[in-house]
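Participant:
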Amino acid sequence: MAVTRLTGAPSPARSRIGAERGPAAPGRRSRVGRPRSRVARRLRFAGIVPFVAYFAVFLVVPSVSVVSSAFETVGGNFTWANITAALQGTYLVSFEKSLELSAISAGVSAVLGTVVAIALASTTNVAARRVVTSASAVFANTGGLPLAFAFIASLGNFGIVTKVLSAMGWNPYDHGFSIYTITGLVVVYCYFLLPLMVLVMLPAVDGLRREWFEAASLLGARRRDAWRHVGIPVLAPAFLAALMVLFTDAFAAYATAAALTNGSIPIVPIQIGSLIEGNVLAGQQNVGDALGLGMIVVVAVAATLYARLQHRAARWQR
Amino acid sequence: MRKTSGGFVAAAVAGSALAAATAVAPTAGASTAAPRASHAACNWATVTSAAACGGMKALVAAAQKEGVLNTITLPANWANYGTLIKEFSNKYHIKVNDAIPDGSSQQELNAIIHEKGTSKAPDVLDVGPAFALEGASQGLFSPYKVLEYNQIPANEKAANAAWYYDYGGYISIGYNASDLKVAPTSFKSLTNPAYKGSIALNGNPTQAGAAFAAVYAASLANGGSFSNITPGVTYFKKLAQDGNFITAQSDATTIGSGQVKVSIDWDYLNAAYAAQLKAKGIDWKVVIPTDAHYAAYYVQAISKYAPDPAAARLWEEFLYSNEGQNGWLGGFARPVLLDHMVKLGTVDRAELAKIPVVSGTPSFPSQSQQKDAAAVLLKLWPSV
Amino acid sequence: MAALSAPRVATARAHPGAEFRLGAVARTGVLVVAALYFLVPLLASARYALEGAHGSYTLSSVTALFHDSVLLQSLVTSVEISLGAAAITLALLTPTSVWVNLRMPRWRRAMESITLLPLVVPVVVVVLGIYGAFPTGIVASPVLLALEYVVLAMPYSYRAIDGGVQALDLHTLVDASRSLGAGWAQVFRRVLVPNLRSSLLSAAFITVAYSLGEFAMANLLSFTTFPTELFQIGTEQVGEATAVSVFALVLTFGVLLALSLFGGRGRRRAVRTGLPAGQADGVVAELAAEVDAVLGHADPGRPGIVHDGPTMR
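Sequence order for the protein chains is A, B and C. At position 249 of the first sequence the residue is numbered 285 (the numbering used here), and the sequence of numbers has no breaks. At position 201 of the second sequence the residue is numbered 836 (the numbering used here), and the sequence of numbers has no breaks. At position 90 of the third sequence the residue is numbered 109 (the numbering used here), and the sequence of numbers has no breaks.
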């Protein structure tokens, strides 16, 4: 986000650092910060040393520890055993379930969230916008046991919504629905993923210029075509980028699923939690690290895709 | 105070027997510490009995000097620990810090290892038997014999006094008698469609001891054994398919709101809900299933790296005194010295009457059996 | 302009469906359904929290909270941790952002990506790494939480600070003050910080909010903080924890709404100070969007920001 300002006025007398002669042309950045000599160029990095050191100690070191332990036996020798163990049996199933749950809940929330964002962008009522935006900020950060209980109390076997629906003659539990399945988890995950989507898509939808649609209609397009050729291509990168964000969030989510399923639907964060908190089987101590490595890989792929798409999306919002 | 002269004399006898055995200055329970017992030179971190270092009086003095006791994973409503901690704290003016009340036995062992050398490290542990064996094999415990040590049955303590059983209970069925028309009596009875959507466990069986025990008990009721936990998993799988078993966590909130109507849990935990639930208008009852008597004791141990070793030892003395044992009884758990106290008449009869009677002596799975069962469960539980 | 508008109006009348906005019926319908989805579970929780025996309603669950000394102690601990994290965040990231924008402008994009890295590593994995790599002394101290929260909240807090720094005419300000003889400390204290006040406040709020709500790491590392204690109460006490959660949610929403309404007036003030209105609105909206314990890491005003904050997830 380069910020070049037209100051309009001639710049003040040159400082002692820096080299430019005469007044800087309007729009040119001053050269105060840009060292020319080699030594000075190296020294340029000196200022971020504290940051780099802090970051290295508190994030890089733990991550590297996990990655390296994933390839080590308890005694410290190199082994593939942890990785192979992590890709078999229950652990493989847990990766599958995690990916399934994350993909479905992210997809559903993405679509519904975009619809809500469009509805919100369509309204001219500023108060409504403020209310919904504030509410989204709050709901985007709910989760865990309170959220699990809120849904058990509403959509559980004896929940209030279930009771109302049964009174109307259609009990969802008689038709195969249960809040304790992947479907149920998706419904619960939407509670914090959908607001996230709304918050991320709102700027993008706001960026849809009315003039584009009017231009399209001038050229003879109907609403459907306008969307197909203008709206969707413009929104697509932002949508996909947001989708990646939702996916990452859902994939790493732990407490909500733990509270609702108590291990009967294995997902990777819960497996890791078991290995930290539960009974550790002999010789399998480092399998948790291998699982952690797997999580990093999945999330890293999603984050890279996000970065690429965000770059494209930003173009349309200037 | 539940002490009667009988118990006191017994303690005195035990104390002097210990003293004789260790050939240190004699005491008569309450200590008249011999002047030569130099407390200053006494390292409470390695002392194996109170008598060896000047008796109870010296122990109390040393503990009060430390002033703090670090406990771990002791929820207030678990076997009356809340009351026990308060009583201990008030009696000896020692501050008790309880870390991660909802933690697991594994986390207790982790804490000893990861917090070694810090003042936050736990002093005393209350873990499941398998973890006690694990911790002892890793050398994490400091042996200690409480005054009543000899009254603990031989198969309920370590040979070298590294750990000792404290209280136990049976897996039970707690149920909401206000909402349920049919009262459950056994694991078999829980397959009744009347319990659709109502049955839950206290946690994840691959992580939590109570849930693990529930699955073990279910396997005993369905033709399994200590070496074979698979029938238990199959039982819950069927129960889930019928829609009776739900994977919510049974706790105060889910039970109190009526979302969970049947909880398979330790009897002392189920019983502890009853008073609170009555205030909410729920009549909560507890029964031991007729088709499976699965009992387990929890285990006390003192950490080898305890930052407050004297306070740790005083806590153990407190727990195994009549006060402590009856305190657990008040929490609906069966203290390990129960038979002994009944014989001596030091037991609190009123509290004892509230505990469901179970005939026969329980047997316990061995460590290897438990380890194998845990491995099987880790593989099979996700299919439930 | 007039010539252009005439055909525009005519066209709009000819093709009314070319508008991308949803019609009144559709958008009300969508928003109502969404509102139901979000409010019903909340009401179900609230109803349970307030229920007394035999169908009456009572606030006893809520009042019991204030007598719970362990809970209050854990709240104090959490507040201390969050304030510590906020202080470290500001002290570490402000000079960094200024330096990068001043001396390493080509690295701006790279820095933005680097500060997003904490989102790539799930919290559970960081905890595993802490056990493996850190010495026991520090693992046992709550200070560790504050230190880690700085890194975990960095994607949001760095954005807040960096956005403010980039919105300044940094070179002019620094040039001017340096040429007038100010040392770097003075430049910071008297020129930069006052101009960055709302970004810094925003970043501090984000960090505090993140720390007060963070559950996974505190729980796995066996610390007693406000969220973990709340969780503990929920398993033991009938109704108390639910009451707190609902109460916190409602309170947070109220504060956010109030701030966003207040933020509207902030826009006018910002125009007078010379900041472009859009920028000020964004900054204030940022401020409005980050407050309190159960809070969202949302940034409605800026495009393409990653929103991912599993705290109590």
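Every residue, glycine too, gets a C-beta built ideally from N, C-alpha and C.
Interface residues of chain C around A:Arg181 at Cβ under 7 angstroms?
Facilitator: The question names Arg, but residue 181 of chain A is Leu in the sequence shown. Under the 7 angstroms cutoff, chain C gives Phe250 and Gly253.
Participant: Nearest by alpha-carbon distance to A:Thr219: which of A:Gln124, A:Ala142, A:Leu329 and A:Gly125 is it?
Facilitator: A:Thr219 has its Cα closest to that of A:Ala142, out of A:Gln124, A:Ala142, A:Leu329 and A:Gly125.
Participant: Three Cβ pairs or more, each shorter than 8 angstroms: is that satisfied between the stretch 901–915 of chain B and the stretch 782–801 of chain B?
Facilitator: Short answer: they don't touch.
Participant: Let me know the secondary structure DSSP gives C:Thr330 once reduced to three states.
Facilitator: Because the pLDDT at C:Thr330 is just 37, under 50, the model does not fix this residue reliably, and the point stays unresolved.
Participant: Ignore the nearest five residues each way along the sequence and tell me which others in B:Ala680's own chain have a CB closer than 6 angstroms to its CB.
Facilitator: Only Pro944 meet the Cβ criterion.
Participant: What do you get for C:Thr254, buried or exposed, if any count of 16 or more other CB atoms within 10 angstroms of its CB means buried?
Facilitator: So C:Thr254 counts as buried.
Participant: In terms of residue numbering, what span does the beta strand (DSSP E) encompassing A:Ile332 cover?
Facilitator: Premise fails: A:Ile332 lies in the alpha helix (DSSP H), Val323 to Ala350, not in any beta strand (DSSP E).
Participant: Just to confirm the assignment: which complete alpha helix (DSSP H) runs, minimum length 4, are found wholly within the stretch 138–194 of chain C?
Facilitator: Listed in chain order, the complete alpha helix (DSSP H) runs (minimum 4 residues) inside the stretch 138–194 of chain C are 142–152, 155–158, 162–171 and 173–186.
Participant: According to a CB-to-CB cut-off of less than 8 angstroms, which residues of the stretch 253–273 of chain C neighbour chain B?
Facilitator: Answer in chain order: Gly253, Thr254, Glu255, Gln256, Val257, Gly258, Ala260 and Thr261.
Participant: Measuring only the C-alpha atoms, how far is C:Leu90 from C:Glu248?
Facilitator: Each residue's Cα considered, the two are about 6 angstroms apart.
Participant: Measure the C-alpha to C-alpha separation of A:Ala164 and A:Ala171 and round it to an integer number of angstroms.
Facilitator: In a straight line, the C-alpha of A:Ala164 is about 10 angstroms away from that of A:Ala171.
Participant: For C:Trp118, report the span of its alpha helix (DSSP H) as first-last.
Facilitator: That run of the alpha helix (DSSP H) goes Ser88 to Arg122.
Participant: Should C:Gly156 be flagged as near chain B, meaning a C-beta pair shorter than 8 angstroms?
Facilitator: Chain B, which has a Cβ nearer than 8 angstroms to the Cβ of C:Gly156, makes this yes.
Participant: By the criterion of Cβ-Cβ separation under 8 angstroms, what are the contact partners of B:Lys915 in chain A?
Facilitator: Going along chain A, no residue has its Cβ under 8 angstroms from B:Lys915, so there is no contact; the nearest lies around 14 angstroms.
Participant: Determine, using beta-carbon pairs with one atom in the stretch 143–160 of chain C and one in the stretch 97–108 of chain A, whether at least three such pairs fall under 8 angstroms.
Facilitator: Yes, the stretch 143–160 of chain C is in contact with the stretch 97–108 of chain A.
Participant: For the pair the stretch 220–239 of chain C and the stretch 118–129 of chain C, tell me if three or more CB-CB distances fall below 8 angstroms.
Facilitator: Segments in contact, no.
Participant: Count the C-beta pairs between the stretch 165–184 of chain A and the stretch 260–275 of chain A that are closer than 8 angstroms, then say yes if the count reaches three, no if not.
Facilitator: The stretch 165–184 of chain A is not in contact with the stretch 260–275 of chain A.
Participant: Pull up the distance between the alpha-carbon of A:Trp248 and that of A:Leu255, whole angstroms please.
Facilitator: Straight-line Cα distance between these residues: approximately 11 angstroms.
Participant: Indicate whether at least one CB of chain A lies closer than 8 angstroms to the CB of C:Arg46.
Facilitator: C:Arg46 counts as touching chain A.
Participant: Taking Cβ-Cβ distances shorter than 7 angstroms, what residues in chain C pair up with A:Ile84?
Facilitator: The answer, in chain order, is Thr115, Trp118 and Val119.
Participant: Just tell me which of A:Ala121, A:Thr120, A:Ser105 and A:Ala122 has its CA closest to the CA of A:Phe114.
Facilitator: Of the candidates A:Ala121, A:Thr120, A:Ser105 and A:Ala122, the one whose C-alpha sits nearest the C-alpha of A:Phe114 is A:Ser105.
Participant: Taking 8 angstroms as the limit between beta carbons, can you name the residues of its chain near A:Ala121, skipping five residues before and five after?
Facilitator: The residues are Tyr127, Gln320, Val323 and Ala326.
Participant: If we ignore side chains and look at the alpha-carbon of each, how far apart do B:Leu987 and B:Cys677 end up?
Facilitator: Roughly 40 angstroms between the two C-alpha positions.
Participant: May I ask which residues mark the beginning and end of the alpha helix (DSSP H) holding C:Val44?
Facilitator: C:Val44 -> alpha helix (DSSP H) spans Ala43 to Leu69.
Participant: At the 8 angstroms Cβ level, is A:Met331 part of the contact set with chain C, yes or no?
Facilitator: Closer than 8 angstroms to some Cβ of chain C, the Cβ of A:Met331 qualifies, so yes.
Participant: Might you give, ordered along the chain, the residues of its own chain that have their beta carbon closer than 6 angstroms to the beta carbon of A:Val241, omitting 5 neighbours on each side?
Facilitator: Closer than 6 angstroms at the Cβ level, and outside the excluded window around A:Val241, lie Ala153, Ile154 and Ala157.
Participant: Considering only the beta carbon of each residue, do B:Gly738 and B:Ile707 sit closer than 8 angstroms?
Facilitator: It is a contact, given that the beta carbons lie within the stated cut-off.
Participant: Pick out whichever of C:Leu121, C:Val52, C:Ala237 and C:Pro141 has its Cα sitting closest to the Cα of C:Pro161.
Facilitator: Closest by alpha carbon: C:Ala237.
Participant: Verify the CB distance criterion: does B:Gly840 have a CB-CB separation below 8 angstroms to chain A?
Facilitator: As written in the sequence, residue 840 of chain B is Pro, which differs from the Gly given in the question. With 8 angstroms as the cut-off, B:Pro840 counts as an interface residue toward chain A.
Participant: Do you know how far the Cα of C:Tyr56 is from the Cα of C:Gly273?
Facilitator: Cα to Cα, the separation comes out at about 19 angstroms.
Participant: At a CB-CB cut-off below 9 angstroms, which residues of chain C make contact with A:Val102?
Facilitator: Near A:Val102 (Cβ distances below 9 angstroms), the residues of chain C are Val140, Val144, Val145, Leu147, Gly148, Gly151 and Ala152.
Participant: Here's the rule I'm using: 16 or more other beta-carbon atoms within 10 Å means buried, otherwise exposed. How should A:Glu132 be labelled?
Facilitator: Exposed, because fewer than 16 other Cβ atoms sit within 10 Å of the Cβ of A:Glu132.
Participant: Within 10 angstroms of its Cβ, does B:Lys792 collect 16 or more other Cβ (buried), or is it exposed?
Facilitator: B:Lys792 comes out buried.
Participant: Is it buried or exposed for A:Leu345, if we count other Cβ within 10 angstroms and need 16 for buried?
Facilitator: It is buried - the Cβ of A:Leu345 has at least 16 other Cβ atoms within 10 Å.
Participant: For A:Asp210, count neighbouring Cβ atoms within 10 angstroms of its own Cβ and tell me buried if that reaches 16, exposed if not.
Facilitator: Looking at its Cβ environment, which holds fewer than 16 other Cβ atoms inside 10 Å, A:Asp210 is exposed.
Participant: For A:Phe249, report the span of its alpha helix (DSSP H) as first-last.
Facilitator: Residues Arg246 to Leu254.
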